[in-house]
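For reference, the structure discussed in these notes is given below.
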Amino acid sequence: MTASDAGKVDVQHLCKLAGVSRASYYRRFEARVPREADVELTSHIQLLSLRHACASLRIESGYNPKQIQRLMGHSSIKVTFDIYGHLFADAEGDQRAAESVQARLLG
13 MTASDAGKVD VQHLCKLAGV SRASYYRRFE ARVPREADVE LTSHIQLLSL
63 RHACASLRIE SGYNPKQIQR LMGHSSIKVT FDIYGHLFAD AEGDQRAAES
113 VQARLLG
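Sequence positions in the sequence shown follow the working numbering and run 13 to 119.
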């Protein structure tokens, strides 16, 4: 498979193969992906793009922010929210909704 076939690449499978949860695994990733997934890494398939896609798919699958922080190797939850915060459900809206329900239940 070449870069022109990038749309056909199963990003989640590549992330699992490569273990891209930490920056220190980048070299390992670059060595394993071409061999195991028959993908030619070129400028069209950037490692950070695959890493971001992997995190995005995990968020979409329901992983919570702390899980994403740990899996991505971020030093703090702030780093995770700065990068991926826009992908999580509206936490403030959820809090307001919960407070509204609580107020109705408790009078």
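Cβ coordinates follow ideal geometry from the N, Cα and C atoms, glycine included.
Since this is a predicted model, take the numbers as computed values, not measurements.
Let me know the secondary structure DSSP gives residue i once reduced to three states.
i	result
SER88	coil
GLY97	helix
SER61	helix
SER73	coil
Less than 8 Å between the beta carbons of residue i and residue j, yes or no?
i	j	result
ILE89	PRO77	yes
ILE80	ALA65	no
Shortest alpha-carbon distance to residue i belongs to which of the options?
i	options	result
LEU99	LEU59, TYR75, LEU83, ARG82	TYR75
ASP102	ARG63, ILE71, CYS66	ILE71
HIS86	GLY119, GLN114, ARG63	ARG63
Could you check if residue i is buried or exposed, using at least 16 other CB atoms within 10 Å of its CB as the buried criterion?
i	result
THR14	Note on THR14: pLDDT 47, under 50, position unreliable in the model; the coordinate value appears next. The residue in question, THR14, is exposed, as its Cβ has fewer than 16 Cβ neighbours within 10 Å.
LEU117	exposed
ARG108	exposed
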